[in-house]
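Per my numbering: the sequence shown = residues 70 to 465.
By construction, the Cβ of each residue, glycine as well, lies at the ideal position given by its N, Cα and C atoms.
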Amino acid sequence: MSEDTMSHHDDGKPTQAPEQGATADQGESRTILHELAEAGVSVWLDDLNRPMIADGDLQGYVDRGVLGVTTNPTIFASALAEGDSYSDQVAELAGSSVDEAVFALTTRDVRDACDVLAPVHERTGGLDGRVSIEVDPRLAKDTARTVEVARRLWAEIDRPNLLIKIPATVEGLPAISQALAEGISVNVTLIFSLDRYRGVMSAYLTGLEQARERGHDLSPIYSVASFFVSRVDSEIDKRLEEIGTEEALALRGKAGLANARLAYQAFEEVFSTPRWQNLADDGANVQRPLWASTGVKNPDYPDTMYVTELVAPHTVNTMPAKTLEATVDHGRLTGDTVTGSYAEAQEVLDALARVGVDYTDVVEQLEAEGVDKFATSWDELLETVSTELDKAAGRA
70 MSEDTMSHHD
80 DGKPTQAPEQ
90 GATADQGESR
100 TILHELAEAG
110 VSVWLDDLNR
120 PMIADGDLQG
130 YVDRGVLGVT
140 TNPTIFASAL
150 AEGDSYSDQV
160 AELAGSSVDE
170 AVFALTTRDV
180 RDACDVLAPV
190 HERTGGLDGR
200 VSIEVDPRLA
210 KDTARTVEVA
220 RRLWAEIDRP
230 NLLIKIPATV
240 EGLPAISQAL
250 AEGISVNVTL
260 IFSLDRYRGV
270 MSAYLTGLEQ
280 ARERGHDLSP
290 IYSVASFFVS
300 RVDSEIDKRL
310 EEIGTEEALA
320 LRGKAGLANA
330 RLAYQAFEEV
340 FSTPRWQNLA
350 DDGANVQRPL
360 WASTGVKNPD
370 YPDTMYVTEL
380 VAPHTVNTMP
390 AKTLEATVDH
400 GRLTGDTVTG
410 SYAEAQEVLD
420 ALARVGVDYT
430 DVVEQLEAEG
440 VDKFATSWDE
450 LLETVSTELD
460 KAAGRA
């Protein structure tokens with residue numbers, strides 16, 4: 070059994086393995102982030118830029134208990150647009166195509182971040198210390214090219230604590246299996262629906278089965294499944310306000326947590342099956358649910374609700390810096406806030422259906438918007454780098 074393989078009670082439900090929740094040094098620097106780790110929640114930071122790495126800020130986050138980093142095209146576009154931290158490398162890349170320059174700039178940041186997180190990776194036996202980089206989101210509907218770029222990113226960065234982000238589109242699912250089959254660790258992103266999440270977990274198990282058939286050691290292959298939370302509330306709350314009845318308005322702010330909790334129920338079911346146990350016996354690691362989009366967008370809601378209300382073993386919570394600081398400042402843990410909440414969560418979804426919110430329409434819209442937003446950010450990133458390349462070449 071690998072270090073991230075779940076142990077099981079006699080009732081077959083997964084329980085927290087003792088290795089889960091390894092923490093940083095806990096002397097005077099102990100924070101709620103360490104408490105979360107002990108509860109089975111790995112806190113990752115949803116941000117990365119070159120100054121953070123160079124100035125030691127990323128190391129500072131790690132010292133406080135952050136166990137990983139996620140990135141996305143929006144984060145990179147913002148980083149490239151600000152300051153001059155990338156100027157020297159852009160000058161070196163003058164004459165390169167824009168796509169090649171973006172590849173070089175982003176892979177360097179992620180490789181350097183992987184090196185900062187390497188001690189966490191080692192200390193947690195490979196579970197944490199992970200840094201994610203996304204395949205070009207314009208390829209979200211192209212299985213073959215997604216796999217091709219995933220391979221290239223994996224080879225270029227060449228760090229065992231890397232995760233390649235692949236979106237959970239219909240076309241992304243076979244790409245996820247293919248990448249895993251080749252021994253590439255994957256962060257599956259943009260998951261909104263329960264049905265799609267089950268498809269993601271199936272794709273994960275298929276990838277592991279194919280990797281085993283190819284003779285790969287399963288123990289170094291890791292994956293997380295990024296289930297988005299706050300965007301669900303933003304869209305459903307908007308629809309509830311349009312409906313406007315007392316019953317509808319009473320459901321605001323409940324859908325995101327309910328959806329995530331039912332996702333965890335599905336996770337418990339899948340990772341208690343004989344199909345999973347067969348892989349676990351050969352050293353496979355659990356694909357942990359990762360709570361993404363955890364920044365609260367409605368100021369009427371507690372700013373830590375997508376952290377303290379989603380505490381359960383074998384999970385990751387990736388937070389923007391603002392949410393992380395709020396959690397450290399005034400977040401309060403009340404134990405596991407997910408396991409056993411499933412009947413109540415299902416009642417929320419049932420109540421939404423009764424007042425006229427079409428769940429399927431919501432999640433399909435959110436996936437389409439998510440892909441479009443990341444593609445737009447990627448275009449902005451390309452435009453920013455193109456401008457900088459022109460300056461470096463004296464054309465601007």
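Shown here for Pro243: same chain residues with a beta carbon closer than 8 Å to its own, the five before and five after excluded, namely Thr212 and Ala272 in chain order.
Under the three-state reduction of DSSP, Arg228 is assigned to coil, being neither helix nor strand. Listed as beta-bridge partners of Phe297 by DSSP are Ala361. DSSP, reduced to helix, strand and coil, places Gly137 within a strand of the structure shown. Of Val257, Gly195 and Thr215, the smallest CA-CA separation from Asn230 is found for Gly195. Residue pairing from DSSP places Thr387 in a beta bridge opposite Trp113. Scanning its chain for C-beta atoms nearer than 7 Å, with the 5 sequence neighbours on each side dropped, one finds around Tyr411 the residues Arg330, Leu331 and Gln334, in chain order. In this structure Ser156 is exposed. Its beta-carbon is surrounded by fewer than 16 other beta-carbon atoms within 10 angstroms. Taking Leu162 as the centre and dropping the five residues before and after it, the same chain places the C-beta of Ala170, Ala173 and Leu458 closer than 7 Å to its C-beta, in chain order. Shown here, Arg199 sits in a strand according to DSSP, grouped into three states. Taking 8 Å as the cut-off, the Cβ atoms of Val365 and Met374 count as close.
Ile290 carries a coil assignment under DSSP once its states are collapsed to helix, strand and coil.
Taking the CA atoms as reference points, Leu208 sits about 30 Å from Leu348.
For Ile144, the closest of Leu402, Asp350 and Asp115 by C-alpha to C-alpha distance is Asp115. For Asp350 and Thr342, the gap between their C-alpha atoms comes out near 12 Å. With a contact defined as Cβ atoms closer than 8 Å, Val179 and Thr140 qualify at about 7 Å. Between the alpha carbons of Ala280 and Gly252 lies a distance of about 7 Å. Thr258 is positioned such that its CB atom lies no closer than 8 Å to that of Ser299.
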